[in-house]
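Take a look at the structure set out below.
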Amino acid sequence: MIRLGRLLVTSCFVALLSVPGAAFAQQDALDRIESIQTLSEQDNTRALKELHAQAQLFELSKFYEVKRAYLATLISVEIDARRMDAANNAITQLLELAHANKDDIGVVIATARNATLLEFGGKTAAAIIQLTSLESVALRTANPEALWRFYLALGTAQDTSGKFEAALTNVLKSLDYAKARPHQSEASVLRSLNELNNVYASMKNEAKALSVIDEALVIAKKIGAIKMQGTLYLNRGNLYSSMEQMDAAVDAYQKALKIAIDAGLTGTHATALNNIGDTYLIRKDYPRAEVMARRALAKYQEGGNLSGVATAQSNVGFALMGQGRIKEGVAEVQSALRFMHDSMARADEEGILDELARMYAQAGMYRDAYETIREQQKLAKELFNADRAKSVATLQEQFDSVQREKQIELLARENSLKDAEINNRRLQQIVTVLGALVTIMAGVFMFMLYRRARKANQKLHEANKQLEFHSVRDPLTGLYNRRSFLELMKQRAPTAGNGRREDANTDGLMILDIDHFKHINDTLGHAGGDTVLVEIAKRLRSTVRDSDMVMRWGGEEFLVYSPKASAVHLKNLAQRILKVIGETPIEVGEQSLTVTVTGGFLALPFSGLTEEQCDWEKAMQIADMALYLGKVNGRNRAYGLSRLLVPFEVAMPVLERDISAAIKANMVELVEVVGLVSPSLPTTRPAAI
C-alpha cells in the first residue's frame, strides 16, 4: 500500500519556495498535493488532517496552480468526509480565486463540485441547470481534469433525476477524460466507473453493473483506494438485493461497513447501515430494521447528507408500518416523499411510492395501496415515457382505460350501496349485515384490483424500458436508427415567413458509406464486419458536436444530422470525419485494417430555397447522389453542394436526375474534401498445413 511520507516542516517549505528554481518549487508543491490526493483514497481522515496542517503553506504560495490544486483537493476530501459547510467554503474560495485569475479551469472545477453539494442538498434540478449553462466554458478549457469533473457531476445529477440515457452519455465522457488525465488517472477512472455502475443499476441492467463493479474493484485494490472499495461493496450489495440474493447482499454490505468504520468514512458508514436495514425490511424483521434505519439516520444527519436523511427516514417509516404503527410510519414516509419531490429526486420518489404501496397492501389497506400505485404509475410515466414509441403510448392508454373502467365500476358499487341504505331504513339490521358483507367484498375487490394494477405496472415498466431504447436505437452500434430520424423530421419546425433561413441557421445532412465493406464482410466474415461498424460508430460519436445526431442509416451507411450548421462547418466536419476514421487502423482479430468512408453532404434548406421547393427527402436524395459521385471518383472523399448557380427551376430537374450533368453544366457549386490515406483491404489467410 502506498503511504504518504512525512511532510517537511514550514520553514523548510518556505525556504524551498525562495530558491531560484521556482519551477522546481512549484512542482514540489504540486507533488505534495498529489500525494495527499493519493492518501485520501486510502485514509480520508488522515488526508484531511494533512491538508489542514499544510493549509497556510499552500494558501501563501505565490503559484496560482498550487492554490488551485490545493483547493480542488480540499473540496474533494471535505465532501468525502461529509463536511459540507467546509467544502462549500473551499468552493467559494476557489471560485473567487479563479475569477480573479481569469481561469476557466478553476471556475469549471468549482462549479462541478458545487453541483455535487447541490445534489446532496436535494437541489438536483438546480445542479443540472448550473452545469449545462457552463458546458461551453468547460469544453473551451480542453483540460482533462476540469472536463472529467464536469461530466461526472452532470451525469450523476441526471441519473438522480431519472434522465438515464443522458446520464450514461455524460458518464462515459467523464470516463474518457479520466483516462486522459496526466495525474490521478486511475483514481479518476475509478470514480467514473462507480457512477457508470450506478447508471446501469438505475436502468435495471444488473449484469452490466456487476461487471463494471468487478472492473472497478480491481483498480481500487491496486491503488489502495479504501473508501472507493467501501462504495463499490455498497453498490454490489444493492445489485444483489435487487436480484433477491439477500445473503450475498448482506455480505457485501458488511464488508462496506467494516471498511467505513476502519477508515472513518461517515457517508459509507451511514449507507451501509441503511442498506442492512433494507435487508431486514425485505425479510420483514421490522424491529431490527427500525434500529438500523435510525442508526443510519443519525449518521446521515452527522454528515449533512439530506438525501440520505430522507432515504433513512422512509425506512424508519416502513419499519414502523410493519410493526403496526401505521399512522406514525406513514407520517415518516410522507415527509421523505415531500423532500424527494421538492428536490426532483424522481427515481427515488418512485421507488418509495412502490414500497409504500406494498406496505399498505400488507396492512390490508387496499384502497390506499391502489391510490399509491396510481401515483407511482403517473411518476413512472414521466420518468420512462417522455420519448417512447407510439406503440408504448398505445399500451399505456389501454392500461389506463382498463383502470378507468374499474374505477367507474367501483364507484357504481359504492353508489348502489348508498342507495340501498337510504331506501331500506326499516331493515337496518339486515342492511348492517349486508354492509359488512359488501365491505368484505369491496376489500377483496380492491385487493384484486391492486394486484392487477401492480402486475400491469411492472409489465409496463419493462415494456417502456425496452421499447424506448429499441424503437430509436440500432442494436449493434447503439446509434440512433432510421426511424428516429424520420420522427425527428416529422417534428421539424417549419421555416418562418418566406420559408427561408439564414446560412447560419441551416441544418446539415451528411450521408456516409464505408468503402469496400462487402470485401471486408466476405474476407473477415460478418463478425469482422460488425467490429468495423461498431468502431466507425464510436469514432463518429467522438467527432461530432453534442448537439449533432449520428444514425445508422442501414447496412454500412451512416447519417449525421447537424443542426445550425453553416456550409463552412459542414466542410470542416467532413474533413474531421475522414481523418478520424481513416488515420487510425481498426483491429479486427489479428488484422490491422485501415478503413475509409465516402460521403455526400448538403445544407437544409438548400441554397436559400424554401423547404417546399427542396424538402429533407430531396436533400437526402441529392446528398446520396453526391456520395455515389465520390465512390466513382476514387472513394475516401466527401462531396457537397454549397449553392445553386442558376435558378431553381432550371437546376432542380437536372440535379434530381443526374448530379454529374448538373455539375458539368455549371448549375451548382461543388465542394470536395479528400481523405489522406488509402484503405487496406483484408486478405484471406492461407490455411494451416
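Under numbering that gives the first Met the number 0, think of the first position of the sequence shown as 0, with each following residue one higher.
Heads up, the beta-carbon is just placed ideally off N, CA and C, and yes, glycines get one too.
So, under 8 Å CB-CB, residue i and residue j are touching, yes? Tell me the CB distance rounded to an integer number of Å.
i: A573; j: A625; result: About 11 Å; that fails the 8 Å criterion.
i: I218; j: V188; result: 6 Å
i: A186; j: A156; result: Actually they are not in contact, since the Cβ atoms of A186 and A156 sit about 21 Å apart, beyond 8 Å.
i: M548; j: Y479; result: 6 Å
i: S306; j: G121; result: 6 Å
i: L117; j: A126; result: 4 Å
i: A356; j: Q376; result: About 10 Å separates the two Cβ atoms, so there is no contact after all.
i: E556; j: I510; result: 6 Å
i: T168; j: N193; result: Not really, about 17 Å apart at Cβ, beyond 8 Å.
i: A28; j: S60; result: 6 Å
i: V594; j: I513; result: 6 Å
i: A318; j: L280; result: 6 Å
i: T278; j: M245; result: 6 Å
i: I32; j: T72; result: 6 Å
i: V107; j: A145; result: 4 Å
i: E40; j: I222; result: 6 Å
Output the distance between the C-alpha atoms of residue i and residue j, rounded to the nearest integer angstrom.
i: D284; j: T123; result: 33 Å
i: S191; j: V65; result: 25 Å
i: R387; j: Y69; result: Legend: pLDDT at R387 = 42, less than 50; position of this residue unreliable, value from coordinates given subsequently. C-alpha separation (whole angstroms): 46 Å.
i: P143; j: A137; result: 10 Å
i: P604; j: W615; result: 8 Å
i: Q312; j: A292; result: 7 Å
i: K48; j: I580; result: 49 Å
i: M619; j: A208; result: 40 Å
i: P678; j: A536; result: 18 Å
i: V653; j: H525; result: 39 Å
i: V211; j: A166; result: 16 Å
i: V533; j: T476; result: 5 Å
i: M550; j: I585; result: 20 Å
i: L130; j: N665; result: 49 Å
i: A177; j: D30; result: 19 Å
i: Q55; j: R112; result: 22 Å
i: Y63; j: N504; result: 41 Å
Which residues mark the beginning and the end of the beta strand (DSSP E) in which residue i is found?
i: D506; result: D506 to I513
i: R642; result: R636 to L643
i: N590; result: Here residue 590 turns out to be Gln, not Asn, going by the sequence shown. Looking at the DSSP string, the run of the beta strand (DSSP E) that includes Q590 is Q590 to L592.
i: L558; result: E556 to S561
i: R538; result: Unbroken run through R538 is the alpha helix (DSSP H), F516 to T542; no beta strand (DSSP E).
i: F600; result: V596 to L603
i: R481; result: No beta strand (DSSP E) holds R481; the alpha helix (DSSP H) holding it covers R481 to K489.
i: E586; result: I585 to V587
Going by beta-carbon coordinates alone, are residue i and residue j separated by less than 8 Å?
i: L608; j: L640; result: no
i: Q322; j: P286; result: yes
i: T597; j: R544; result: no
i: D261; j: V198; result: no
i: V506; j: K578; result: The residue asked about is misnamed: residue 506 is Asp in this sequence, not Val. Not a contact, by the Cβ cut-off of 8 Å.
i: T267; j: E301; result: no
i: G350; j: N314; result: no
i: E95; j: A86; result: no
i: N274; j: Y252; result: yes
i: E354; j: L336; result: no
i: D103; j: R45; result: no
i: D92; j: Q183; result: Just to set this straight, residue 92 is Gln in the shown sequence, not Asp. No, the Cβ-Cβ distance between Q92 and Q183 is not below 8 Å.
i: L195; j: L216; result: no
i: R481; j: V471; result: no
i: A309; j: M339; result: yes
i: Q590; j: P681; result: yes
i: A660; j: A650; result: no
i: K254; j: Y232; result: yes
Can you have a look at residue i and say buried or exposed, based on whether 16 or more other CB atoms are within 10 angstroms of its CB?
i: L361; result: In the sequence as presented, Leu is not what sits at residue 361; that position holds Gln. Counting Cβ neighbours within 10 Å, Q361 comes out exposed, since fewer than 16 surround it.
i: A152; result: buried
i: A304; result: Inspection of the sequence shows that residue 304 is occupied by Asn rather than by Ala. Buried, since its Cβ has 16 or more Cβ neighbours within 10 Å.
i: G588; result: exposed
i: A79; result: At residue 79 the sequence reads Asp, which differs from the Ala that was named. Its Cβ being crowded by 16 or more others within 10 Å, D79 is buried.
i: M242; result: exposed
i: D367; result: buried
i: D42; result: buried
i: S541; result: exposed
i: E249; result: Glu is not the amino acid found at residue 249; the sequence shown has Val there. The residue in question, V249, is buried, as its Cβ has 16 or more Cβ neighbours within 10 Å.
i: R81; result: buried
Taking the alpha helix (DSSP H) that residue i belongs to, which residues open and close that run?
i: A208; result: E205 to I222
i: G120; result: Where G120 is concerned, there is no enclosing alpha helix (DSSP H), given that its DSSP letter is neither H nor E.
i: E655; result: Counting along the chain, E655 falls outside any alpha helix (DSSP H), and DSSP gives it neither H nor E.
Please confirm whether any heavy atom of the ligand ADP lies closer than 7 Å to the CB of residue i.
i: A309; result: Among the components modelled here there is no ligand, and therefore nothing to report on the ligand ADP.
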